[in-house]
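Residue numbers (my numbering): 4 to 160.
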């Protein structure tokens, strides 16, 4: 299933047009196969997909990859790692040409703190909903017990 959020993308487009400091919130392009985020690496920017499709996956030491989900326009990547103050849980790879907003971490934190945007959706409301979805997904197991996750995946397939 491909997750998208056109309403939030519209909000991001407007926010990008109105920004005052151009280096806080930039547009980046990625080619198919490019790694946007790398599992276990430190987060440098929070990314918001403008166009294209990405694959979120876990890579195990044995080289096997487990696809967690596919994300499209309007979806945020890296917000959970920022909120939990951890390295990237998964790798994110572009499946086709992808355009994304790269948001510096201090600017992203300011958006959450100041709850910018229309109601609904406000930035904080969207991030909270995304975070709650994450907590209910299979990835939440990775945060608390990676070994348990390996057991679940091994027994499932």
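Glycine included, each C-beta is placed from N, C-alpha and C at the ideal position. Computed from a predicted model, the values in this text were never measured in an experiment.
Alpha-carbon spacing of residue i relative to residue j, whole angstroms
i: residue 63; j: residue 45; result: 18 Å
i: residue 38; j: residue 20; result: 27 Å
i: residue 95; j: residue 65; result: 19 Å
i: residue 114; j: residue 30; result: 17 Å
i: residue 123; j: residue 79; result: Since pLDDT at residue 123 reaches only 49, below the 50 mark, its modelled position is unreliable, and the value read off the structure follows with that caveat. Whole-angstrom Cα-Cα distance: 17 Å.
i: residue 104; j: residue 14; result: 12 Å
i: residue 50; j: residue 67; result: 25 Å
i: residue 88; j: residue 32; result: 26 Å
i: residue 99; j: residue 73; result: 12 Å
i: residue 42; j: residue 36; result: 15 Å
8 Å Cβ cutoff met for residue i and residue j
i: residue 7; j: residue 55; result: no
i: residue 25; j: residue 97; result: no
i: residue 58; j: residue 12; result: no
i: residue 93; j: residue 71; result: yes
i: residue 22; j: residue 77; result: no
i: residue 106; j: residue 27; result: yes
i: residue 40; j: residue 81; result: yes
i: residue 86; j: residue 48; result: no
Residues bridged to residue i (per DSSP)
i: residue 38; result: 96
i: residue 67; result: DSSP output for residue 67 lists no bridge partner at all.
i: residue 60; result: 70 and 94
i: residue 30; result: 104
i: residue 80; result: 50
i: residue 5; result: 73
For residue i, the first and last residue of its enclosing beta strand (DSSP E)
i: residue 102; result: 101-107
N- and C-terminal bounds of the alpha helix (DSSP H) containing residue i
i: residue 21; result: 9-21
Any C-beta of chain D under 8 Å from that of residue i
i: residue 17; result: This model lacks chain D altogether, as it is built from one protein chain only.
Cβ neighbours of residue i in the same chain (closer than 6 Å, five flanking residues each side left out)
i: residue 4; result: none
i: residue 61; result: 69 and 93
Same chain, Cβ closer than 7 Å to residue i, five either side skipped, listed in chain order
i: residue 110; result: 27 and 28
Sequence-distant residues of the same chain with beta carbon closer than 8 Å to residue i, five excluded per side
i: residue 16; result: 53
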